[in-house]
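Novice: With the UniProt record's numbering, letter number 35 in the sequence shown gets 35, and the count goes up by one each step, no holes.
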Amino acid sequence: MRGSFRSSLDLLYDKLSGVSAGALVVPFVVFETVLFLGAGVYLLRVSLAEPTALSAFEEGTWTVSNYLDVMTDEYLMGRLSYSIRLGAVVTAVTVPLGFVYAYAAWRAEGRRKITLLSGVLVALLISIVIKVYAWVILLSPEGVINRLLVGTVTDSPVSLLGNSFGVVVGLVYSMLPYVVLTVYSVLATLDERSIEAARDLGAGRLRSVYEVVLPGAAPGVIAASVVCFSWSSVAYAAPVFLGSPSERTVAVEVGRLFTQSFDWSHAAALGVISMVAILSTAGAGTLTYTAWRRYM
């Protein structure tokens, strides 16, 4: 029985060995493309339909007034602006922290490397809602952090919830594992001996990282920045649990229009505008960073 199982595994391995890596990801790429395009086309179609009080939207109608209504709504545009600024702040904090953690894991050996990487993987296994709600407990006036602050730094509890600070903390913690793994996957392809060579030529530790490691890890840093910015800009759980009404992101407003106002047309238009704005901002940031690294 065991021998037949091993022979089956060997046969499967031999078959997969003859298949290129690109061919193996084709089913996944096709699935994601169809799923994304299908949802995107439907979202675009709904955004161009006339809203109605009797149903989600009027089928068979076409209009661009939904986009005009959204773009002239100061409140919704304010939520979009806040979402982009929130994503920028979270990215500016998370990417450097993630790079340092990924670099430490890359340079570590043995059990230390396993421990560092296992910590990141365990964090990914926990639901984002559970992680965000854990910060509600930690940042509350009666939480662990305020208990440590009262009597040592301040005389009364500090307001850590219901503001942008709590939202940023929750999002940084949630996005950090994705940034670490993205950067680490690129660092793992670099030759560690290049750092030693730079040190032998007189470069300090920080300079060797800046001159040798950072250029090689640039693709991972860019990818991590795009992922972090895109996800944190449309965060839902952290603003709801850790923020106040003034910290609501555009994702929260889209959900409100869909579920409470039952205004699918304007919600879809806001979703399309947000997607274009966030992807354009991420693309502009990527091009700027690439140009800066090229001429440095």
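From the three backbone atoms N, C-alpha and C, an ideal C-beta is built for every residue, glycine too.
Could you tell me which residues DSSP puts in a beta bridge with T154?
Specialist: BP columns for T154 point to V150.
Novice: Label L35 either buried or exposed according to how many other C-beta atoms from any shown protein chain fall within 10 Å of its C-beta, with 16 as the threshold for buried.
Specialist: Exposed is the call here.
Novice: Using only CA atoms, which one of A23, R85 and P27 lies nearest to L167?
Specialist: Reading off the sequence shown, one finds Val at residue 167, where the question assumed Leu. V167 has its Cα closest to that of R85, out of A23, R85 and P27.
Novice: What residue from G255, A102 and V180 has the CA that sits closest to A267's CA?
Specialist: The shortest Cα separation from A267 among G255, A102 and V180 belongs to G255.
Novice: Can you say whether D263 is buried or exposed, counting buried as having 16 or more other CB atoms within 10 angstroms of its CB?
Specialist: With 16 or more other Cβ atoms within 10 Å, it is buried.
Novice: Leaving out five residues before and five after residue 333 in sequence, what residues of the same chain have Cβ atoms less than 8 Å from its Cβ?
Specialist: Coverage of the chain is limited to positions 1 through 296, which leaves residue 333 absent and any answer about it impossible.
Novice: Just reading off the alpha helix (DSSP H) that E109 is part of, what are its end residues?
Specialist: Careful: E109 lies outside any alpha helix (DSSP H) and carries neither H nor E.
Novice: If you scan the segment 182 to 262 from start to end, which runs of the alpha helix (DSSP H) of 4 or more residues do you find wholly inside it?
Specialist: Listed in chain order, the complete alpha helix (DSSP H) runs (minimum 4 residues) inside the segment 182 to 262 are 193 to 200, 205 to 208, 214 to 233, 237 to 242 and 250 to 259.
Novice: Are V180 and G98 touching if we call contact CB-CB under 8 Å?
Specialist: Against a cut-off of 8 Å, the Cβ pair of G98 and V180 comes out as a contact.
Novice: Is the number of C-beta pairs between the segment 138 to 147 and the segment 59 to 79 that are closer than 8 Å three or more?
Specialist: No: fewer than three Cβ pairs fall under 8 Å.
Novice: Determine the extent of the alpha helix (DSSP H) in which I137 is found, giving its start and end residues.
Specialist: Segment I128 to L139, the alpha helix (DSSP H) holding I137.
Novice: Quick one: what does DSSP say E59 is sitting in, helix, strand or coil?
Specialist: E59 falls in the coil class under three-state DSSP.
Novice: Quick one: using the 10 Å Cβ neighbour count with 16 as the cut-off for buried, is W292 buried or exposed?
Specialist: With fewer than 16 Cβ atoms within 10 Å of its Cβ, W292 is classed as exposed.
Novice: Does E109 pass the burial test, meaning 16 or more other C-beta atoms within 10 Å, or should it be called exposed?
Specialist: Label assigned to E109: exposed.
Novice: Compare the Cα-Cα distances from G119 to each of S280, R193 and Y101 and report the closest residue.
Specialist: If we check each option's Cα against that of G119, Y101 comes out closest.
Novice: Which same chain residues, not among the five before or five after F258, have their C-beta less than 7 Å away from its C-beta?
Specialist: Result list for F258: W264 and A267, in chain order.
Novice: Since Y173 contacts K131 with CB under 8 Å, what's their CB separation in whole angstroms?
Specialist: About 6 Å separates the two Cβ atoms, so the contact holds.
Novice: Out of N163, V89, L138 and I137, point me to the one whose CA is closest to M175's CA.
Specialist: Ranking the options by Cα distance to M175, first place goes to V89.
Novice: Which residues does DSSP list as the beta-bridge partners of E142?
Specialist: DSSP lists no partner for E142.
Novice: Is it buried or exposed for I273, if we count other Cβ within 10 angstroms and need 16 for buried?
Specialist: Its Cβ being crowded by 16 or more others within 10 Å, I273 is buried.
Novice: Indicate whether the contact test is met: 3 or more Cβ pairs, each with one atom in the segment 208 to 223 and one in the segment 185 to 192, closer than 8 Å.
Specialist: Yes, the segment 208 to 223 is in contact with the segment 185 to 192.
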